[in-house]
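Quick note on the numbering used here: the sequence shown kicks off at 1021 and runs consecutively. C-beta: ideal position from N, C-alpha, C; glycine also. Before any comments, here is the structure.
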Amino acid sequence: MIVGIPREKHRLEHRVGLTPAAVRQLVHRGHSVVVEHDAGTAAHFADHDYEQAGATIVYTAEEAYRRADLVCRVGPVVDSDLPLLNPGSTLCSFHHLAVSSTSVVERLLGLGVTLIGYEVIRDDDGALPVLRPLSEIAGQLAVHIAAQYLQREHGGRGILLGAVPGVPPPTVLVLGAGTAGEAATRQALAAGAHVIAVDLDLERLQHLHRTFDGRVVTSLAGLGRVQRYTAFADVVVGAVLIPGGRTEPLISEQMVRTMKAGSVIVDLSIDQGGCVETSRPTTLADPVYEVHEVIHYCVPNMTSTVARTASRALGNACLPYVA
């Protein structure tokens, strides 16, 4: 089998479909790999790293797609990608079809291309093994990002997301107790914050309670509860996931109105539609905006800001399915 790794077209997508370490494993198992020139540069993987791993460097995106039976990339397909795809080939990526353009989906169907969405691959236990490491990274990043935007110089309330003797800790509300929510909870607790985790699944909340020795406040999701928690939270992390489906808003605009000026929302669910009514996709170049004096961070590919870590994690997770 020939595996193709194209360079991501979006200028703010720094991750790469497979790392040199993953390529080495594929070559060892008898596969051929073609890598587009500079595909890994933004994540600090040089062409010669891929060549040393056994890959062939090609100099156009067309070659990376046309020569491949299986293409591994990160971002979803856009219109300009369609002429490059081989009919009958297989494309692995985070497709996010629930929020994709209808015209792109219809044209993909017409091409007879097989799509494998990393975000919907399930193992025998029903878990999402390829999405999981990226969710873990996103959950941790959410707390780091919130800490930055709570600072006065970034428009925040001038609050340290940490623990200071004699000063009440900030409150972090985490919506969703899955992988990203658990990672955000762990990071916020480690920083010294007061954390409230909300989910519809009691077993997930029980897991969080056990994992963190009762240090996190857990609550079943309910409109009244979420409304009360939102009003006094300094940070809201939206980590709601409906695998393969569009996320519906859990926090209304009216709830956002009740939040404190300079508080921060980090909506990790934005890649599937968002779980806050006032959320809209932003970019790493222009990541935040304010609604009702509340800072919103809604970058769908936020893990691209730690592209090297994210690419390694993705390669580790997807390799068993690619090879």
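With distances taken Cα to Cα, identify the nearest neighbour of residue i among the options.
{"i": "Leu1170", "options": "Tyr1309, Ser1283 and Val1308", "result": "Ser1283"}
{"i": "Ala1197", "options": "Gly1182, Thr1191, Pro1190 and Arg1224", "result": "Arg1224"}
{"i": "Val1256", "options": "Leu1154, Val1246, Pro1263 and Gly1264", "result": "Val1246"}
{"i": "Leu1240", "options": "Gly1175, Gln1226 and Gly1024", "result": "Gln1226"}
{"i": "Asp1099", "options": "Thr1080, Val1078 and Val1124", "result": "Val1124"}
{"i": "Tyr1138", "options": "Thr1122, Asp1254 and Ser1113", "result": "Ser1113"}
{"i": "Arg1172", "options": "Pro1301, Ile1315, Val1319 and Val1119", "result": "Ile1315"}
{"i": "Pro1263", "options": "Leu1209, Gly1293, Ala1081 and Met1322", "result": "Gly1293"}
{"i": "Val1319", "options": "Arg1027, Leu1032 and Pro1340", "result": "Leu1032"}
{"i": "Asp1233", "options": "Leu1209, Leu1181, Asp1254 and Leu1243", "result": "Leu1209"}
{"i": "Pro1153", "options": "Thr1199, Ile1165, Val1133 and Leu1193", "result": "Thr1199"}
{"i": "Pro1340", "options": "His1174, Pro1149 and Ala1084", "result": "Pro1149"}
{"i": "Ala1213", "options": "Asp1069, Asp1144 and Val1192", "result": "Val1192"}
{"i": "Thr1110", "options": "Leu1228, Gly1258, Leu1090 and Val1286", "result": "Leu1090"}
{"i": "Val1296", "options": "Ser1324, Val1260 and Val1326", "result": "Val1260"}
Given a threshold of 16 other Cβ atoms within 10 Å of its Cβ, counted over all protein chains shown, does residue i qualify as buried or as exposed?
{"i": "Val1218", "result": "buried"}
{"i": "Ala1220", "result": "In the sequence on display, residue 1220 carries Leu and not Ala. Under this definition Leu1220 is an exposed residue."}
{"i": "Pro1107", "result": "exposed"}
{"i": "Thr1039", "result": "buried"}
DSSP on residue i, reduced to helix/strand/coil?
{"i": "Asp1306", "result": "coil"}
{"i": "Tyr1079", "result": "coil"}
{"i": "Ser1239", "result": "strand"}
{"i": "Cys1382", "result": "Outside the shown range of the chain (1021 to 1343) lies residue 1382, about which nothing can therefore be said."}
{"i": "Ser1113", "result": "strand"}
{"i": "Thr1134", "result": "strand"}
{"i": "Cys1092", "result": "strand"}
Legend entry - Contact the segment 1248-1255 vs the segment 1120-1138: 3+ CB pairs below 8 angstroms: no
Legend entry - Touch test, the segment 1072-1088 against the segment 1045-1063, Cβ-Cβ under 8 angstroms, three pairs minimum: yes
Inset, instruction - Pair every Cβ in the segment 1290-1307 with every Cβ in the segment 1327-1336, then say whether three or more of these pairs are closer than 8 angstroms. - result: no
Legend entry - Every unbroken beta strand (DSSP E) inside the segment 1146-1196 [3 residues or more]: 1191-1195
Legend entry - Entirely enclosed beta strand (DSSP E) segments - the segment 1032-1057, minimum 3 residues: 1052-1056
Legend entry - Ranges of the beta strand (DSSP E) found wholly within the segment 1191-1271, counting only runs of at least 3: 1191-1195, 1214-1219, 1237-1240 and 1255-1258
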